[in-house]
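Asker: Okay, so the sequence shown: first residue is 38 according to the numbering used here, each after it adds one. Even glycine gets a Cβ: it sits at the ideal position worked out from N, Cα and C.
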Amino acid sequence: MAERLFLHIGPHKTGTTAFQKVLDQNDTQLLDAGFKVVRDIEAVCGADLTFGQSTNCYGLAHQIIRSDLITPMRMARRDMKPSPDEAIASLKGFNVWARSQPAPNLILSSEAFSFLRTPAERALIDVMVEGLDIVPVAVKRDPVSWLRSWSGQLQKMKLTPPIGDLGDTVFDLAETSWLVDFDAVTAFWRPDGTVIGYEAALERHESIIPALAELMGLPSGLIGVDRWENVGAGVGQ
């Protein structure tokens, strides 16, 4: 039965899509080694979970993300705001499913989890992982570099920022942006969180993926681990 859940939270622009591709390509080998790759759920499904194919579990993350945060995915899809009752039912359903898995380890990945900040969101995380040892894994990138990359991503997605104060939105690109307040990220995930330095990992491996695989104890020989690809096209979460 599952005992541990590795929760890879990104954030965006730190190789998350490339890592999710590795999970997708190696799910059978990982399962043989004791790691169950979690596929995303439908955004609003309640306790009767319906799993899709994506290894980016943004639908599950949006059961938790505070309703007043307009994420890129919420700008693209209307089904990313479940009601409180629907969210609780989905998270409890996921917990039952997760704990019933025969593999001892689960790997759940979505950069959308990096948006979480509030006590209410932490309480929902606790519902999702009850009875499991959670190992949150975050990647810390130089703030200036990250903001430049995120700005480019927002332009690529052709998203229109709201009128007025952009603080506390995903369009906050100020040096003091909440998006690069890594102290707040680590505070949210204490005491369980683990942090990988993005630049140090690239200097050592030329990719973030080997560092993630090493931290989680993934088996050797996985497809794509030693290959760096910029595959982050499409809507960010």
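DSSP three-state call for Pro-156: helix, strand or coil?
Answerer: Helix.
Asker: Less than 9 Å separating the beta-carbons of Gly-96 and Met-112?
Answerer: No; because the gap between Cβ atoms is not below 9 Å, this pair is not in contact.
Asker: Kindly give me the distance between the Cβ atoms of Ile-246 and Val-222, rounded to whole angstroms, as I take these residues to be in contact under 8 Å.
Answerer: Ile-246 to Val-222, Cβ: 21 Å. No contact.
Asker: Does the Cβ of Gln-90 have 16 or more other Cβ atoms within 10 Å, making it buried, or fewer, making it exposed?
Answerer: Exposed, because fewer than 16 other Cβ atoms sit within 10 Å of the Cβ of Gln-90.
Asker: Just list the residues that DSSP pairs Ile-233 with in beta bridges.
Answerer: Paired residues: Val-176.
Asker: Quick one: residues in its chain with C-beta nearer than 8 Å to the C-beta of Glu-40, no 5 flanking neighbours on either side, listed in chain order?
Answerer: Closer than 8 Å at Cβ, skipping near neighbours: Pro-141, Asn-142, Leu-169, Asp-170.
Asker: Name the residue from Ala-157, Leu-239, Asn-132 whose alpha carbon lies nearest to the alpha carbon of Asp-85.
Answerer: The candidate whose alpha carbon is nearest that of Asp-85 is Asn-132.
Asker: On the DSSP letters alone, give me the boundaries of the alpha helix (DSSP H) that Phe-225 sits inside.
Answerer: From DSSP, the alpha helix (DSSP H) with Phe-225 extends over 219-226.
Asker: Use the C-beta contact count for Gln-100: other C-beta atoms within 10 angstroms, 16 or more gives buried, fewer gives exposed.
Answerer: Classification for Gln-100: buried.
Asker: Going by alpha carbons, who is nearest to Ser-137 out of Ile-125, Leu-42, Phe-219?
Answerer: Ranking Ile-125, Leu-42, Phe-219 by Cα distance to Ser-137 puts Leu-42 first.
Asker: What separation, rounded to the nearest whole angstrom, lies between the Cα atoms of Thr-87 and Glu-212?
Answerer: Roughly 40 Å between the two C-alpha positions.
Asker: Please confirm if the region 180-198 is in contact with the region 141-155, defined as three or more CB-CB distances below 8 Å between the two stretches.
Answerer: Output reads no: the region 141-155 does not touch the region 180-198.
Asker: Cα-Cα, which of Val-176, Arg-185, Pro-180 is closest to His-45?
Answerer: The residue with the shortest Cα to Cα distance from His-45 is Val-176.
Asker: May I ask you to report which of helix, strand or coil DSSP gives Leu-184?
Answerer: Residue state, collapsed to three classes: helix.
Asker: Using the three-state DSSP reduction, which class does Gly-17 fall into: helix, strand or coil?
Answerer: In the structure as shown, the chain starts at 38 and stops at 274, and residue 17 therefore has no counterpart that could be examined.
Asker: Based on the DSSP output, what are the partners of Ser-146 in its beta bridges?
Answerer: Looking at the DSSP assignment, Ser-146 forms a beta bridge with His-45.
Asker: For the beta strand (DSSP E) holding Lys-50, just list the boundary residues, first then last.
Answerer: Neither: Lys-50 is in no beta strand (DSSP E) and is coded neither H nor E.
Asker: Alpha carbon to alpha carbon, how far is Glu-79 from Ile-260?
Answerer: Distance between the alpha carbons of Glu-79 and Ile-260: 27 Å.
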